[in-house]
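K.L.:
Everything in the sequence shown is counted per our numbering, starting at 57 for the first residue and increasing by one.
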Amino acid sequence: MPGLVLFGRRWAIGSDDFVLPGAFELFVRLVWWIGIFVLYTVHKGQFNCPGGGLLHSYLLGLIILLASIICALSALVYVSMQGTISNPGPRKSLPKILYTRLLLYFPEFIWAVVGAVWVSDNSVQCEKTVVNGVIGTVIASWIIIVFTIIGVVIVFDPLGGKRTFYLPDGVSRNLESSQSGQLLYNVKSSATRVWEKRIRLLCCCIVQDDDHRVAFTSIAELFRNYFSDTDLVPSDIAAGLILLHQEQDKMENCPKEPEEVLCHSPSSLVTDDLDVELENAAHFMLFAAAAYGWPYYVYTNPYTALCKLNGDCCRNRPTDSDITGSDRHNFHFGSILKITGLQYRDFIHISFHNKIYEIPFFVALDHKKEAIVVAVRGTLSFEDILTDLSADCEDLTLEEVLENGFVHKGITQAANYIYRKLINDGILNQAFTIAPEYKLVIVGHSLGGGTASILAIMLRNSFPTLRCYAFSPPGGLLSKSLADFTKHFIVSVIVGKDLVARLSMPNMEDLKRRIVRIVANCNRPKYQILLRGCWYEVFGGDPDDFPTELDGRNQDALTQPLLAEESLMVHRSPSYNALEEEPHLNSPPQYPHLYLPGKIIHIVEESSSRRLCSSDIKYTARWSNETVFSSILISPKMITDHMPDVVLKALNSLSQEHGSCLSC
Numbered sequence: 057m058p059g060l061v062l063f064g065r066r067w068a069i070g071s072d073d074f075v076l077p078g079a080f081e082l083f084v085r086l087v088w089w090i091g092i093f094v095l096y097t098v099h100k101g102q103f104n105c106p107g108g109g110l111l112h113s114y115l116l117g118l119i120i121l122l123a124s125i126i127c128a129l130s131a132l133v134y135v136s137m138q139g140t141i142s143n144p145g146p147r148k149s150l151p152k153i154l155y156t157r158l159l160l161y162f163p164e165f166i167w168a169v170v171g172a173v174w175v176s177d178n179s180v181q182c183e184k185t186v187v188n189g190v191i192g193t194v195i196a197s198w199i200i201i202v203f204t205i206i207g208v209v210i211v212f213d214p215l216g217g218k219r220t221f222y223l224p225d226g227v228s229r230n231l232e233s234s235q236s237g238q239l240l241y242n243v244k245s246s247a248t249r250v251w252e253k254r255i256r257l258l259c260c261c262i263v264q265d266d267d268h269r270v271a272f273t274s275i276a277e278l279f280r281n282y283f284s285d286t287d288l289v290p291s292d293i294a295a296g297l298i299l300l301h302q303e304q305d306k307m308e309n310c311p312k313e314p315e316e317v318l319c320h321s322p323s324s325l326v327t328d329d330l331d332v333e334l335e336n337a338a339h340f341m342l343f344a345a346a347a348y349g350w351p352y353y354v355y356t357n358p359y360t361a362l363c364k365l366n367g368d369c370c371r372n373r374p375t376d377s378d379i380t381g382s383d384r385h386n387f388h389f390g391s392i393l394k395i396t397g398l399q400y401r402d403f404i405h406i407s408f409h410n411k412i413y414e415i416p417f418f419v420a421l422d423h424k425k426e427a428i429v430v431a432v433r434g435t436l437s438f439e440d441i442l443t444d445l446s447a448d449c450e451d452l453t454l455e456e457v458l459e460n461g462f463v464h465k466g467i468t469q470a471a472n473y474i475y476r477k478l479i480n481d482g483i484l485n486q487a488f489t490i491a492p493e494y495k496l497v498i499v500g501h502s503l504g505g506g507t508a509s510i511l512a513i514m515l516r517n518s519f520p521t522l523r524c525y526a527f528s529p530p531g532g533l534l535s536k537s538l539a540d541f542t543k544h545f546i547v548s549v550i551v552g553k554d555l556v557a558r559l560s561m562p563n564m565e566d567l568k569r570r571i572v573r574i575v576a577n578c579n580r581p582k583y584q585i586l587l588r589g590c591w592y593e594v595f596g597g598d599p600d601d602f603p604t605e606l607d608g609r610n611q612d613a614l615t616q617p618l619l620a621e622e623s624l625m626v627h628r629s630p631s632y633n634a635l636e637e638e639p640h641l642n643s644p645p646q647y648p649h650l651y652l653p654g655k656i657i658h659i660v661e662e663s664s665s666r667r668l669c670s671s672d673i674k675y676t677a678r679w680s681n682e683t684v685f686s687s688i689l690i691s692p693k694m695i696t697d698h699m700p701d702v703v704l705k706a707l708n709s710l711s712q713e714h715g716s717c718l719s720c
């Protein structure tokens, strides 16, 4: 629902968000009140000890104060339970109750101070049980006060007094006027500054230069554009994701036409079949995973990794000229050796240097596949995250590709950095001097997969036989013409419902539209959605059939926004309007569609289990196309399916299954 308005400003919390925290505090207060009441009743008439008069007054006042807080909390929880996400009318009295509850913090604070003073008074010599009870009361009071302050800080919205929906009606709806234009400009500028400050705070531990400042501003504008046209609080988004997941599961359980996939051998110049590509992908995924260094090795071998690495840290390694960046204890390089199984002499160049738009990579000789492998690391640092989020588009002009060659800006700059190192520093020349008959293979996972793909495009002219394996690359990477061009030499591997492979600005806009629509038209209170959703995610079962205002409406009516849906929009963004009026694949040019690179192998679980923990998982793989990844799917595994160990496990499982079939 729209954010709660309190003290003349908007807060990042809804009027229906007080049910669960209020019920928890109510339970604590009830137990607390019963304990104090029993303590007072049992020791009534026994307050003749030194300081007993003050103790008697303190306990009596505390009983009355707790009773008042319990009444206020009961009313707060009851009112917050009324209505639905988009219908706050039954909760219109909640601000008054909240003001009353906040006023009760003043006497509670005073009572906590009085209790602390009484406890610290050495002259008090009352019964130890009573003293311990007062100490517990004082501690509980201060804990609640501290957590309340923390909660206020969390839900504070720096733009709460500057949002466009608080402008006068005549101004907010006449966006062509100079006055409203100036006001809207001020709101946007303020929002950009707030997001930029948040990003700077998160990245306070890294050295910041001009590249960082440009990236901060660009990313701040991206977040401002995405969040500026809706009035959703975080719990609304959580409820929307829960509803979308259950709706998605219901649709998957319904009979449907077979998914549009490519045949076993794609119609391209490349004739390698699926089994051969899976075997190659399983082999080269080791290099992509090894690029993460010791964090990946420790993650996959939590009990033995440190002991093994400590045993290798003092051994010889290639000369310092072969390695750039920091690897003080040889942990990164030792992990790469353990994961790939290569020897020291097989490495041509290793770079652990990491800045924004400059990511680690290594070049090695793979004698098993007779390949010179360039492995690019994925996201592992704040600098990498900034590279990921620099999602503006820029042109990449190639003679072989038609017009509209758009690429992801941040990832392209990372690919340019590695390209300069490989070519200008003569790294590839050195490698081919050692092994002139070997072919060039470029691999990477996640950010590394996207960077490897664009790097492969840049090197294609110089090395016509190169191959690239991109594992779980970002979805918003290449324009359609570039994506089609790369089908000749790039293979992308996607597991399950991987979120990153579906991430693009049009897909994010579509997800926002779907969240707004489903939460605006659900007829259940938010707390019921959250509770049942948590039960469903943890214990499974059948998806809840939440009734909505969409039920029973024809298809034409569904293309128009409902009143509840419009109430959650601050203003009608071009992206939002276009997504309603046109099919999803014809989204507005504000965010041009970018696609996954190359041919796509989609690996899915054959098991029907949706839970995070599942043993003996069987996988199946098929050729797919980019349209399958044109929408974000909500699932408990949307993050875990992206992890490199899960990708490697799936590829190894398929490769071993194919090998066992051949032996039979």
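Yeah, the Cβ is synthetic: ideal placement off N, Cα and C, and Gly gets one too. Model, not experiment: these values are computed from the prediction.
(1) Start and end of the beta strand (DSSP E) containing T676?
(2) Kindly indicate the opening and closing residues of the beta strand (DSSP E) around I498.
(3) DSSP three-state label for S518, please.
(4) What residue range is occupied by the uninterrupted alpha helix (DSSP H) comprising H405?
(5) Taking buried to mean at least 16 other C-beta atoms within 10 Å of its own C-beta, is M341 buried or exposed?
(6) Would you mind sorting D329 into buried or exposed? The rule is 16 or more other CB atoms within 10 Å of its CB.
(7) Hey, quick one: how far does the beta strand (DSSP E) through R523 stretch, first residue to last?
(8) With a 10 Å radius around its C-beta and 16 neighbouring C-beta atoms as the bar for buried, classify R476 as buried or exposed.
(9) Tell me whether T453 is buried or exposed, calling it buried when 16 or more other Cβ atoms sit within 10 Å of its Cβ.
(10) L60: which of L150, A295, C524 and A706 sits nearest, CA to CA?
(11) Between the region 483 to 494 and the region 462 to 470, can you find at least three pairs of beta-carbon atoms closer than 8 Å?
(12) My understanding is that A447 touches P653, with C-beta atoms under 8 Å, so please give their C-beta distance in whole angstroms.
(13) For the region 389 to 476, which segments carrying the beta strand (DSSP E) assignment without a break, of at least 3 residues, lie completely within its bounds, in sequence order?
(14) Where do the N-terminal and C-terminal ends of the alpha helix (DSSP H) with K582 fall, by residue?
(15) Within the continuous alpha helix (DSSP H) that includes I546, where are the two ends?
(16) Look at the alpha carbon of A196 and the alpha carbon of G78, and state the distance between them as a whole number of angstroms.
(17) Specify the secondary structure class of S652 as computed by DSSP and reduced to three states.
(18) As an exercise, report each continuous alpha helix (DSSP H) stretch of at least 4 residues that is fully enclosed by the region 101 to 183, in chain order.
(19) Rounded to whole angstroms, how far is the Cβ of I126 from the Cβ of R85, which I believe are closer than 8 Å?
(20) Measuring alpha carbon to alpha carbon, tell me which of F545, S528 and K655 ends up nearest M694.
(21) Given a cut-off of 9 Å on the beta-carbon distance, is the pair I415 and Y348 in contact?
(22) If we cut at 9 Å on Cβ distances, does L129 have a partner in chain D?
(23) Taking the C-alpha atoms as reference points, what is the distance between N366 and Y353?
(24) According to DSSP, F203 sits in a beta bridge with which residue or residues?
(25) Helix, strand or coil: which one does DSSP assign to E335?
(26) Between which two residues does the alpha helix (DSSP H) containing D540 stretch?
(27) Can you grab the Cα-Cα spacing for the pair A721 / R280, in whole Å?
(28) Out of D73, G189 and T489, which has the shortest C-alpha to C-alpha gap to R147?
(29) Would you mind stating whether I690 and I141 have Cβ atoms separated by less than 9 Å?
(30) Taking 8 Å as the limit between beta carbons, can you name the residues of its chain near D554, skipping five residues before and five after?
(31) Please classify T360 as buried or exposed, where buried requires at least 16 neighbouring CB atoms within 10 angstroms.
(32) Just tell me which of S560, T273 and N577 has its CA closest to the CA of P648.
(33) Excluding the 5 residues flanking V117 on each side, which residues of the same chain have their C-beta closer than 7 Å to its C-beta?
(34) Am I right that I275 and L132 are in contact with their C-beta atoms under 8 Å? What's the rounded C-beta distance?
(35) Quick one: what's I657 bridged to in DSSP?
(36) Going by DSSP in three states, F343 sits in which element: helix, strand or coil?
P.N.:
Short version:
(1) Taking the sequence shown and counting its residues from 1, one reaches residue 676 at position 620. It spans Y675 to S680 - the beta strand (DSSP E) in which T676 sits, taken as one unbroken run.
(2) The count along the sequence shown starts at 1 and reaches residue 498 at position 442. Segment K495 to H501, the beta strand (DSSP E) holding I498.
(3) Numbered from its first residue, the sequence shown carries residue 518 at position 462. Reduced to three states, the DSSP call for S518 is coil.
(4) Taking the first residue of the sequence shown as position 1, residue 405 is located at position 349. Looking at the DSSP string, H405 is not in any alpha helix (DSSP H); the run it does join, the beta strand (DSSP E), is F403 to S407.
(5) Along the sequence shown, one-based indexing puts residue 341 at 285. Classification for M341: buried.
(6) Here residue 329 refers to the residue found at position 273 when the sequence shown is read from its first residue. D329 should be labelled exposed.
(7) On the sequence shown, residue 523 is found 467 positions in, with the first residue counted as 1. Its beta strand (DSSP E) spans residues R523 to F527.
(8) The residue labelled residue 476 in the question sits at position 420 within the sequence shown. Exposed is the call here.
(9) Here residue 453 is taken as the residue at index 397 of the sequence shown, counted from 1. Exposed is the call here.
(10) Along the sequence shown, one-based indexing puts residue 60 at 4. Closest by alpha carbon: L150.
(11) As far as the Cβ criterion goes, the region 462 to 470 does not touch the region 483 to 494, which means the pair count is below three.
(12) Counting from 1 along the sequence shown, the entry for residue 447 is found at position 391. Counting from 1 along the sequence shown, the entry for residue 653 is found at position 597. That pair is no contact at about 16 Å.
(13) Entirely contained in the region 389 to 476, the beta strand (DSSP E) runs reaching 3 residues are, in chain order, 403 to 407, 417 to 422, 427 to 432, 449 to 451 and 462 to 464.
(14) One-based indexing of the sequence shown puts residue 582 at position 526. K582 -> alpha helix (DSSP H) spans K582 to F595.
(15) By 1-based counting over the sequence shown, the position of residue 546 is 490. Per DSSP, I546 lies in no alpha helix (DSSP H); the unbroken beta strand (DSSP E) holding it starts and ends at I546 to V551.
(16) To locate residue 196, count along the sequence shown from 1; it is residue 140. To locate residue 78, count along the sequence shown from 1; it is residue 22. So the alpha carbons of these two residues sit roughly 16 Å apart.
(17) As a working mapping, residue 652 is identified with position 596 in the sequence shown. Reading the sequence as shown, one finds Leu at residue 652 and not Ser. In the structure shown, L652 sits in coil (DSSP, three-state: anything other than H, G, I, E or B).
(18) DSSP runs (the alpha helix (DSSP H)) wholly in the region 101 to 183: 108 to 136, 150 to 159 and 161 to 176.
(19) Here the question's residue 126 lines up with position 70 in the sequence shown. Here the question's residue 85 lines up with position 29 in the sequence shown. Sure, about 5 Å apart at Cβ, within 8 Å.
(20) Locating residue 694 in the sequence shown gives position 638, where the first residue counts as 1. Distance check between M694 and each of F545, S528 and K655 places S528 closest, using alpha-carbon atoms only.
(21) In the sequence shown, counting from the first residue as 1, residue 415 sits at position 359. In the sequence shown, counting from the first residue as 1, residue 348 sits at position 292. The Cβ atoms of I415 and Y348 do not sit closer than 9 Å to each other.
(22) No chain D appears in this structure, which consists of one protein chain only.
(23) Working through the sequence shown from its first residue, we reach residue 366 at position 310. Working through the sequence shown from its first residue, we reach residue 353 at position 297. If you take the alpha carbons of N366 and Y353, they lie about 13 Å apart.
(24) On the sequence shown, residue 203 is found 147 positions in, with the first residue counted as 1. DSSP lists no partner for F203.
(25) Stepping through the sequence shown from its first residue, residue 335 is reached at position 279. Correct three-state label for E335: helix.
(26) Position 484 of the sequence shown, counting from 1, holds the residue named residue 540. K536 to F541 is the span of the alpha helix (DSSP H), which, as asked, contains D540.
(27) Examination of residue 721 is not possible in this model, given that the chain is present from 57 through 720 alone.
(28) Reading the sequence shown from its first residue, position 91 is the one you call residue 147. Comparing Cα positions, the closest option is D73.
(29) The residue you call residue 690 lines up with position 634 of the sequence shown. The residue you call residue 141 lines up with position 85 of the sequence shown. The answer is no: Cβ separation not under 9 Å.
(30) Taking the sequence shown and counting its residues from 1, the one referred to as residue 554 is at position 498. For D554, where only same-chain residues beyond five positions count, the Cβ hits under 8 Å are S528, M694, D697 and H698.
(31) As a first step, residue 360 is located in the sequence shown; it is residue number 304 there, counting from the start. Looking at its Cβ environment, which holds fewer than 16 other Cβ atoms inside 10 Å, T360 is exposed.
(32) Taking the sequence shown and counting its residues from 1, one reaches residue 648 at position 592. When each option's Cα is compared against that of P648, the closest is S560.
(33) Sequence index remark: in the sequence shown, residue 117 carries index 61 (1-based). Checking the displayed sequence, the identity of residue 117 turns out to be Gly instead of Val. Annotation for G117: W167 place their beta carbon closer than 7 Å to its own, counting only its chain and skipping 5 residues before and after.
(34) As a position in the sequence shown, residue 275 is number 219, starting the count at 1. As a position in the sequence shown, residue 132 is number 76, starting the count at 1. In this structure I275 does not touch L132 by the C-beta definition: roughly 38 Å separates them, more than the 8 Å allowed.
(35) On the sequence shown, residue 657 is found 601 positions in, with the first residue counted as 1. Answer is V549 and W679.
(36) Here residue 343 is taken as the residue at index 287 of the sequence shown, counted from 1. F343 carries a helical assignment under DSSP once its states are collapsed to helix, strand and coil.
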